[in-house]
Every structure is written in structure tokens, then in C-alpha cells.
Amino acid sequence: MNTGYHQNVILEVKNLHSKVGDKEILKGVNLSIEKGEIRSIIGVNGTGKTTLAAIIMGLEGYNPSNGGIFFEGKDITNISLTERAKRGITLAWQSPARFEGITVREYLSIGASKNDVENFLKFVGLAPNLYLNRVVDEKLSGGERKRIELASVFSIRPKVVILDEPDSGIDMASIHAIINVIRKFKKMGTATLLITHNEEMAKIGDKVSLLCDGKVLKEGETEEVIKFFKQNCKICNHIGQIDEELLK
Amino acid sequence: MNIDYSKEFEYLVKTYEKTGDDASPLMDSKYDSLVINQDRVLAKNETEGIKIETKKIKDGVSLKVYIKEGIVKPLPVHLCFGMLPREGKQVIKSEFFVGKKSKVKFISHCSFPNAKHIIHIMDSKVHIEDGAEMEYTETHYHSKEGGVETYPKLRGRIENGGRLKEEFKLVVGRVGLLKIDYEVEQLKKSICELDTKVYGKENDRIEIREALLLNGEYASGLAKSRVVLKDKSYGNVLGEVQGNAPYTRGHTDCQEIVYGENAVAYSTPNISVKNSLAKITHEASIGRIDKKEMETLMARGLNEEEAVDLIVKGILK
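Line order of the protein sequences matches chains A and B.
Under my numbering, think of the first position of the first sequence as -17, with each following residue one higher.
Under my numbering, think of the first position of the second sequence as 72, with each following residue one higher.
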């Protein structure tokens, strides 16, 4: 099958539909992400951003009702979560899981050599001697946990990383550290799908896709799309098109 | 007649290391240690302040361990019990006497690496005198066949101001049949913590009874258990705490995690108070492995089995 694959494109989402019960959450999403690109996916709450992330990652209970996902030109729509991760896609959750009894050292050793764990922490700006023996549980602050999650993402050297609301619920210092990490991912050639409803965060994207009512409403240059988002989306009924009545 | 037991010793040491622990203290004269295979004492080392008496009994060994009054052991005492044959029975009848204001830690390993059908009976009595402290960690390593029947029994008495911390861990290999029966009587201002961690697989059967009798004023205790049940395994935990004297504080905490269609878990807290100034509490939960934890690990490339094992390892650490 000719997928129209361009060799710089690493991830493609084609006409993706998804339902929860009778309700259609995604209504034909199309995306094309290039290697090393930072793509911000912006949209107000409830537009399908997290569902999109879950379907791309292959999480349980999130299946497309139509359309497909292509990674390095190959259809991955029906392969398992683990297999997607092994091929180079991973996800950092909005609220990362907490693990009873598992130390940071053990957590970061999952996909890599134990000898490298110090470097993973340094990559996200955390001092190894302060964190390696701590447990990845609720005693870590939100910012610390998110940075450790990014260290874990880095440890498997992904080709595509999906970051779901990486800036939510954390302090400013951690936000700066996370932005720094996203830029480092870019330098490594890792593409980032940055899911956010915060236009300031979205600005670090090379391009922005605006999601509304389960569809990509607008896509393009960062400043242009964010300006459109600020002007139109916050007073809109989010019906997948501009609500001209409200703008009058 | 001198018989060379060095090969048995070596083999037991190797299985000891499979639990992830360091076996070198068994060969280091700085450490007190005792190594028993089946009904034979393979090695024994005593340093100042401790006396270990052993006697051969039917199918096993009877041992008495005395810690002298006021002795604080800076290094743990290492005990290694096991059976290398595939079939048989081992009885360890032990009695620990911890003298006034002494302090000691035991690290015990029980290894049955080849078991097809082995019965292992651990019948222990512990006497902790006034102000003395004893810590006992027991780690089991069983074969993958599930052919071990383990019966750990403890009857303990902690005198005024004494402390006992007992940890039982069976997370490597198959459990087989495990019936734990612990009961500790606590006198004034004593503290006790019983902590059991078991990982059941296939058709393993786990029955745990942890009982604390808080009979002295201000005695406090915690009976805690963490059990993970996979496949068709069965777990039944009974946590008993009695507040029988003023100002006693006790808690029983049982958490069981069921992973698999056919695993069965029961948990029964049994608490009672016979004094209006006592306070006894309990918590018990039976749940599944957290989906987000699983998916996080799978998003880093682990398969389902590997993800479960890592989560369980953390819970049972």
C-alpha cells in the first residue's frame, strides 16, 4: 500500500475517528509530524487532545473506529502498546503514575543500563545523589515527578515522545526545566507531540495544530495559530468551526 | 567420622544469593552465623555475647540462641536454613532469648531450590526481656515447582519496653503452601511490628495469621501484610489485634492485590478492645494492579508480564 510516506515524516495520523459509547470524540484527525519536530497540539478542555495521545500510544480502551496511525511509514494502528514503545514511541502522562517501592534508579533502568541513570537525571536537571535512591511515590512533588518522567522517557531514546500537558500542576522552575528538556529532545532528533491548553507552552512548537471538537481546526506557523486560538477559541462554543455568532 | 559438607554449604550459599542478598557474611568470622541443611549443621560461628546451641531432632534441628544481657550486636546474625534434596521434611525448632537491654538483628534465609515435595516446619519461640530489641527478617527462596509446604509458627513475648520487628518475605520462586501463624504477647510499653510479604502464583495457597495481644499499658503494635495473588493462587489473611490494657495502640493493615481471572483473596481484620483507654484500628484492601502503572511501564517497552513483576517487586520490597 502506498502510504504517501515522506522520509522526513516519522508519524502520521490519517482520518482518525474514535468513539466512546455513541459519542464521537475524534472526527477525522489528520497530522503529519517530521523527525525532530516539536508539534504543539493546542485546544481547550474536552476537544479530544488526551484521547488522541492515548490512541497514538495504543492505551487500553482507546481504539480508532476509523482511520490509521503510521510510524516511519508503517501502519501501527493495530499493534500493542509495548510494541509501539519498542519501535520508539512513548508517552509522558499529565499525572504520572506513582510506584510503591520502586526507586528512581530502578525506574530509570527499565529501558537502559544502570550505569547511565545518573546521566538521565542530569538531562532533566536533577542531582543524581539526591534522587536515585528515592522512591517514585507520592513523596515526590509534582514537578519532581514530571522531571523524573522525562528522564525515564529520555532513557529509552524515543523517536517520538507524546507529552500530555507537561506544564500542568507544577512550579515555574520545573516548567523551565521541562521546556529545556523538550528542546534537548529536538537536538537528539526526537519528535515531540506537545499536548497543551496553555498557549505560552505551545509557543515552543515548530508548528501548532489547533484541535477543536475532535478535528484539526487550524494548523500552521506557531504564532499565527496561537493568535487565532487566543482570539477565537476562548469565547467559542467549540463546535469544530468558528462560531460567527459569538464573534459578532 | 568426619564428613565433608563443603559442597552442600556452597550450594546453599549460591541459592541464598539468588534472593539478591549478600552471602559473604556466612563465610566471615566477624559475623555470627548458622547454616543448616536438612537435619545437619554445616557451619556455625559465634562471637562475643551470643550463644547458639543446636541439637539434632527427628527430621531437623532444635536450636537455642541466647543474647546476653546488655549486649548490642553491631553486625547482624546470619541464619541459613534449607534442603537441597527434592523431597523430605525439615523441622527447625528454635528458641530465642534476648537478654535485658540487648539489641540484635537476625537475617535468615530459607532455601529449597530443588523442591518437588518438601515440608518445612519452623516452630519458633521468642523471649524478649525488658528493654531489649530484636529484629528478624526471614527471606525464602523456593523452586519454581511449587512443591514446598511451609509452616512458620511464632510465639513471642515482649517484656516491658522491649521491641520486636519481624519480617517474612517469600517473593522468589513458587510459594506452594504457606501457613503462617504468628502470635505475640506484649507487655508494658513494648513495641512490635509483624510484616509479611508474599507473591503467590499458579495454584499457590497462602494462609496468614498475625496476632498481637497488647496486654501491657502503652504497648503498641502493627500487623501488616502485603500479598499479591496471580493466576489461580489463593490468599487468606487474618490480622488480629487485641487492646487489653490502658493506652495500648494497635493496627492491622492488610493489602492484597489480585492479578488474574482465577485468583482468590480473603482478608479478615479481627480487632478487639477490653479496656476503654485502648485504641485499635484496621485497614484492609483487595484490589488490582493499577492500570496506569502498568501502561507507564509498557510505554517504556516492558511487556505485560515484566510490568507486573516490577510493580509487584516494588509492593513487596
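Just so you know, even glycine gets a beta-carbon here, dropped at the ideal spot from N, CA and C.
In this text, all values refer to a predicted model and were calculated from it rather than measured experimentally.
Of all the CB atoms in chain B, is at least one closer than 8 Å to the CB of A35 (chain A)?
For the purposes of this step, residue 35 (chain A) is taken as the residue at position 53 of the first sequence. Judged by the 8 Å Cβ criterion, A35 (chain A) is not in contact with chain B.
Counting only Cβ pairs nearer than 8 Å, list the residues of chain B close to I92 (chain A).
The residue labelled residue 92 (chain A) in the question sits at position 110 within the first sequence. Correct list: L368, R371, G372, L373 and L381.
Complete alpha helix (DSSP H) runs within the segment 22 to 79 of chain A (minimum length 4 residues, chain order)
31 to 39 and 63 to 69
What's the gap between the Cα of V387 (chain B) and the Cα of D361 (chain B)?
In the second sequence, the residue the question calls residue 387 (chain B) occupies position 316. In the second sequence, the residue the question calls residue 361 (chain B) occupies position 290. Position check: residue 387 (chain B) holds Leu in this sequence, whereas Val was assumed. Taking the straight line joining both Cα atoms gives about 15 Å.
Whole angstroms is fine: what's the gap from E273 (chain B)'s alpha carbon to F167 (chain A)'s?
The residue given as residue 273 (chain B) occupies position 202 in the second sequence. The residue given as residue 167 (chain A) occupies position 185 in the first sequence. Cα to Cα, the separation comes out at about 43 Å.
Can you list the residues of chain A that E364 (chain B) reaches, using a CB-CB cut of under 7 Å?
On the second sequence, residue 364 (chain B) is found 293 positions in, with the first residue counted as 1. Chain A residues near E364 (chain B): A79 and F81.
Between E238 (chain B) and the rest of its own chain, which residues show a CB-CB distance below 6 Å, the 5 nearest in sequence each way excluded?
Within the second sequence, the letter at position 167 stands for residue 238 (chain B). Closer than 6 Å at the Cβ level, and outside the excluded window around E238 (chain B), lie T208 and D266.
Please state if the CB of I130 (chain A) and the CB of V118 (chain A) are separated by a distance shorter than 8 Å.
To locate residue 118 (chain A), count along the first sequence from 1; it is residue 136. To locate residue 130 (chain A), count along the first sequence from 1; it is residue 148. Result yes, Cβ atoms of V118 (chain A) and I130 (chain A) sit closer than 8 Å.
Rounded straight-line distance, which links the Cα of H158 (chain A) to that of G187 (chain A)
Working through the first sequence from its first residue, we reach residue 187 (chain A) at position 205. Working through the first sequence from its first residue, we reach residue 158 (chain A) at position 176. About 15 Å.
Just to make sure I have the definition right: I need the residues of chain B whose C-beta is within less than 7 Å of the C-beta of A67 (chain A). Which are they?
Taking the first residue of the first sequence as 1, we reach residue 67 (chain A) at position 85. Going along chain B in sequence order, the residues near A67 (chain A) (Cβ under 7 Å) are M369, A370, R371 and G372.
With a Cβ-Cβ cutoff of 8 Å, do E254 (chain B) and R226 (chain B) count as a contact?
Indexing the second sequence from 1 puts residue 254 (chain B) at position 183. Indexing the second sequence from 1 puts residue 226 (chain B) at position 155. In this structure, R226 (chain B) lies closer than 8 Å to E254 (chain B) by Cβ.
Assess contact between the segment 194 to 208 of chain B and the segment 216 to 233 of chain B, defined as three or more Cβ pairs (one per stretch) separated by less than 8 Å. Is contact present?
yes
DSSP on A173 (chain A), reduced to helix/strand/coil?
Locating residue 173 (chain A) in the first sequence gives position 191, where the first residue counts as 1. DSSP places A173 (chain A) in strand when its eight states are reduced to three.
Beta-carbon separation (whole angstroms), I128 (chain B) vs V162 (chain B), contact threshold 8 Å
As a working note, residue 128 (chain B) is residue 57 in the second sequence. As a working note, residue 162 (chain B) is residue 91 in the second sequence. Contact flag correct, Cβ pair sits at about 7 Å.
Tell me which residue opens and which closes the beta strand (DSSP E) that N12 (chain A) is part of.
Within the first sequence, numbered from 1, the residue matching residue 12 (chain A) stands at position 30. Looking at the DSSP string, the run of the beta strand (DSSP E) that includes N12 (chain A) is K5 to E16.
Any contact of the segment -1 to 11 of chain A with the segment 37 to 52 of chain A, i.e. 3+ C-beta pairs under 8 Å?
yes
If the cut is a Cβ gap below 7 Å, which residues of chain A does G385 (chain B) touch?
Locating residue 385 (chain B) in the second sequence gives position 314, where the first residue counts as 1. Residues of chain A passing the Cβ test: F81, E82, G83 and I84.
For N73 (chain B) and chain A, any beta-carbon pair shorter than 8 Å?
For the purposes of this step, residue 73 (chain B) is taken as the residue at position 2 of the second sequence. In this prediction, N73 (chain B) has a pLDDT of 46, which is less than 50 and means its spatial position is unreliable; what the coordinates show is noted afterwards. Answer no: the Cβ-Cβ gap between N73 (chain B) and chain A never drops below 8 Å.
Which of the three DSSP states is assigned to D146 (chain A) in this structure?
Translated into positions along the first sequence, residue 146 (chain A) becomes position 164. D146 (chain A): strand per DSSP, three-state reduction.
Contact list for K388 (chain B) against chain A, beta-carbon separation under 7 Å
Stepping through the second sequence from its first residue, residue 388 (chain B) is reached at position 317. Within chain A, the residues near K388 (chain B) are G83.
If distances are taken between C-alpha atoms only, which option among B:S133, B:A94 and B:T118 comes closest to V112 (chain B)?
Position 41 of the second sequence, counting from 1, holds the residue named residue 112 (chain B). Of the listed residues, the one whose Cα sits closest to V112 (chain B) is B:S133.
For G372 (chain B), which of A:I23, A:E19, A:G93 and A:E182 has the nearest alpha-carbon?
Position 301 of the second sequence, counted from the start, is the residue given in the question as residue 372 (chain B). Checked all of A:I23, A:E19, A:G93 and A:E182; the closest Cα to G372 (chain B) is A:G93.
Would you say E6 (chain A) lies against chain B (beta-carbon separation less than 8 Å)?
Here residue 6 (chain A) refers to the residue found at position 24 when the first sequence is read from its first residue. False, the Cβ-Cβ gap to chain B never drops below 8 Å.
Using beta carbons (cut-off 8 Å, strictly below), is D194 (chain B) in contact with chain A?
Here residue 194 (chain B) refers to the residue found at position 123 when the second sequence is read from its first residue. No, no contact with chain A.
Alpha-carbon to alpha-carbon, S62 (chain A) and K85 (chain B):
To locate residue 85 (chain B), count along the second sequence from 1; it is residue 14. To locate residue 62 (chain A), count along the first sequence from 1; it is residue 80. Roughly 38 Å separates the two Cα atoms.
Could you tell me whether any Cβ in chain B is nearer than 8 Å to the Cβ of E54 (chain A)?
Start at 1 with the first residue of the first sequence, and residue 54 (chain A) comes out as number 72. No, E54 (chain A) does not count as interfacial toward chain B.
Are the beta-carbon atoms of V143 (chain A) and A74 (chain A) separated by less than 8 Å?
Position 161 of the first sequence, counted from the start, is the residue given in the question as residue 143 (chain A). Position 92 of the first sequence, counted from the start, is the residue given in the question as residue 74 (chain A). Yes, they are a contact pair.
Nearest-angstrom Cα separation, counted from F177 (chain B) out to Y318 (chain B):
For this step, residue 318 (chain B) is matched to residue 247 along the second sequence. For this step, residue 177 (chain B) is matched to residue 106 along the second sequence. Y318 (chain B) and F177 (chain B) have their alpha carbons spaced roughly 30 Å apart.
Measuring only the C-alpha atoms, how far is F210 (chain A) from F53 (chain A)?
Within the first sequence, numbered from 1, the residue matching residue 210 (chain A) stands at position 228. Within the first sequence, numbered from 1, the residue matching residue 53 (chain A) stands at position 71. Straight-line Cα distance between these residues: approximately 30 Å.
Any beta carbon from chain B within less than 8 Å of S134 (chain A)'s own beta carbon?
Along the first sequence, one-based indexing puts residue 134 (chain A) at 152. Yes, because at least one Cβ of chain B sits closer than 8 Å to the Cβ of S134 (chain A).
Given G170 (chain B) as reference, the closest of B:S179, B:I189, B:E140 and B:F152 once Cα atoms are compared:
One-based indexing of the second sequence puts residue 170 (chain B) at position 99. When each option's Cα is compared against that of G170 (chain B), the closest is B:E140.
D361 (chain B) CB to nearest chain A CB: under 8 Å?
For the purposes of this step, residue 361 (chain B) is identified with residue 290 of the second sequence, where counting begins at 1. With 8 Å as the cut-off, D361 (chain B) counts as an interface residue toward chain A.
What would DSSP say about H353 (chain B), mapped onto helix, strand or coil?
Translated into the one-based positions of the second sequence, residue 353 (chain B) becomes position 282. Three-state result, H353 (chain B): strand.
Any C-beta of chain B under 8 Å from that of L103 (chain A):
Here residue 103 (chain A) refers to the residue found at position 121 of the first sequence. False, the Cβ-Cβ gap to chain B never drops below 8 Å.
Alpha carbon of I177 (chain A) to alpha carbon of G91 (chain B), nearest angstrom:
Your numbering for residue 177 (chain A) matches position 195 in the first sequence. Your numbering for residue 91 (chain B) matches position 20 in the second sequence. If I take the Cα positions, the gap works out to 42 Å.
Helix, strand or coil: which one does DSSP assign to K1 (chain A)?
Counting from one through the first sequence, the residue named residue 1 (chain A) turns up at place 19. Residue state, collapsed to three classes: strand.
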